[in-house]
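Undergrad:
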Amino acid sequence: MLQPDTRRHVRIQSITLQGFKHACHAMLYARSEEKLFRRIPVRYAVLMQMRFDGRIGFPGGFVDLQDCSLEDGLNRELYEEVGCTLRLSDADHMCSHVTDTPQKLVTHFYTKELSLAELHQVEAGAVSAKEHGLEVMHKYAIAMGLIRVPLFTLRDGVGGLPAFFATNFIGNARDELVDALRHLRLINEERLASALKSVTNRNE
Ligand code: GTP
Ligand code: MN
Ligand code: MN
Ligand code: MN
Ligand code: MN
Ligand code: MN
């Protein structure tokens, strides 16, 4: 799954890397009892966003020199992009990736479980965020912003998660999504594997 120029690092090792920029992104999610078409269990509401560049990624961004820590940078970006005042901490860190090309970049990935009510608040507040309509919505005014990841697969075997996996992701966002769904057990392995397999088949 990982690109050849990408290595997994623990956060502590990667902070000390010289000449690398750092970026932090987060997956906010909540358990949901909701059913689509009163039939298909949603299971979890998992938030990603449609970015200004037409790719899908997680909210977050570059850590700046003014940020006192990785998490400070993450929380600032979450406020700018989603308007949410949640404070994530190092306890929410899940993994880091080191990338050499096209730029020397370490991406740090965080996950945070919310209640469904809290997640609804994040969604409702996101349209008032500073970067809504800018970084988080395309300048050509295609409707973009926070999106939910469909964790189900429709009867045609493509609609839902397989189709979602086949869309364009920024950087390592797709790998981060897959890792998080697996590690947090938001989806069973069989369903995940079959959704991933149907993407591979279509790309062949
Ligand atoms: P600017 O303010 O326009 O610089 O954007 P930003 O600070 O919000 O940065 P952005 O979210 O674009 O993230 C910085 C870099 O991290 C991007 O150039 C991508 O290479 C990478 N990136 C963006 N989103 C994700 C993501 O969800 N996961 C991972 N692993 N990398 C990402
Ligand atoms: Mn940003
Ligand atoms: Mn960003
Ligand atoms: Mn930024
Ligand atoms: Mn920037
Ligand atoms: Mn910015």
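Position in the sequence shown (first residue = 1) + 284 = my numbering. Where is the CB? At the ideal position from N, CA and C, for every residue including glycine. Owing to the predicted nature of the structure, the values given are computational and were not obtained by experimental measurement.
(1) Please tell me whether Y328 and L470 are closer than 7 Å, where the distance is taken between their beta carbons.
(2) Could you tell me if the beta carbon of N456 falls within a distance shorter than 6 Å of some heavy atom in ligand 1?
(3) Just checking F342 against ligand 4 - is the residue's beta carbon closer than 6 Å to any of the ligand's heavy atoms?
(4) Just list the alpha helix (DSSP H) runs in the stretch 334-377, keeping only unbroken ones of 4 residues or longer that don't cross its boundaries, in chain order.
(5) Do K305 and L389 have their CB atoms nearer than 7 Å?
(6) Using 8 Å as the Cβ pair cut-off and three pairs as the minimum, do the stretch 366-379 and the stretch 436-452 touch?
(7) In this structure, does DSSP put Y424 in helix, strand or coil?
(8) Is F321 near ligand 1, judged by its Cβ being under 6 Å from some heavy atom?
(9) Please state the DSSP three-state secondary structure of V462.
(10) Is it buried or exposed, E355, if we count other Cβ atoms within 10 angstroms and call 16 or more buried?
(11) Helix, strand or coil for R475 per DSSP?
(12) If you follow the alpha helix (DSSP H) that F393 is part of, which residue opens it and which one closes it?
TA: Reading off the structure:
(1) Position 44 of the sequence shown holds residue 328. Position 186 of the sequence shown holds residue 470. In this structure, Y328 places its C-beta atom within 7 Å of the C-beta atom of L470.
(2) Taking the sequence shown and counting its residues from 1, one reaches residue 456 at position 172. Distance from the C-beta of N456 to the nearest heavy atom of ligand 1 is below 6 Å.
(3) Mapped onto the sequence shown, residue 342 falls at position 58. Flag unset: Cβ of F342 not near ligand 4.
(4) Correct list: 354-366.
(5) On the sequence shown, position 21 is the one that residue 305 refers to. On the sequence shown, position 105 is the one that residue 389 refers to. Between K305 and L389, the C-beta gap is smaller than 7 Å, which places the two residues in contact.
(6) Three or more Cβ pairs closer than 8 Å define a contact, and the stretch 366-379 falls short of that threshold against the stretch 436-452.
(7) Along the sequence shown, read from residue 1 onward, the residue named residue 424 stands at position 140. Because Y424 sits at a pLDDT of 41, beneath the cut-off of 50, its placement in the model cannot be relied upon, and the point is left open.
(8) Position 37 of the sequence shown, counting from 1, holds the residue named residue 321. No.
(9) Translated into the one-based positions of the sequence shown, residue 462 becomes position 178. V462: helix per DSSP, three-state reduction.
(10) Here residue 355 refers to the residue found at position 71 of the sequence shown. Using a 10 angstroms sphere on the CB of E355, the tally of other CB atoms reaches 16 or more, which defines it as buried.
(11) Position 191 of the sequence shown, counted from the start, is the residue given in the question as residue 475. In the three-state reduction of the DSSP assignment, R475 falls in the helix class.
(12) Along the sequence shown, one-based indexing puts residue 393 at 109. Careful: F393 lies outside any alpha helix (DSSP H), inside the beta strand (DSSP E) at L389 to L398.
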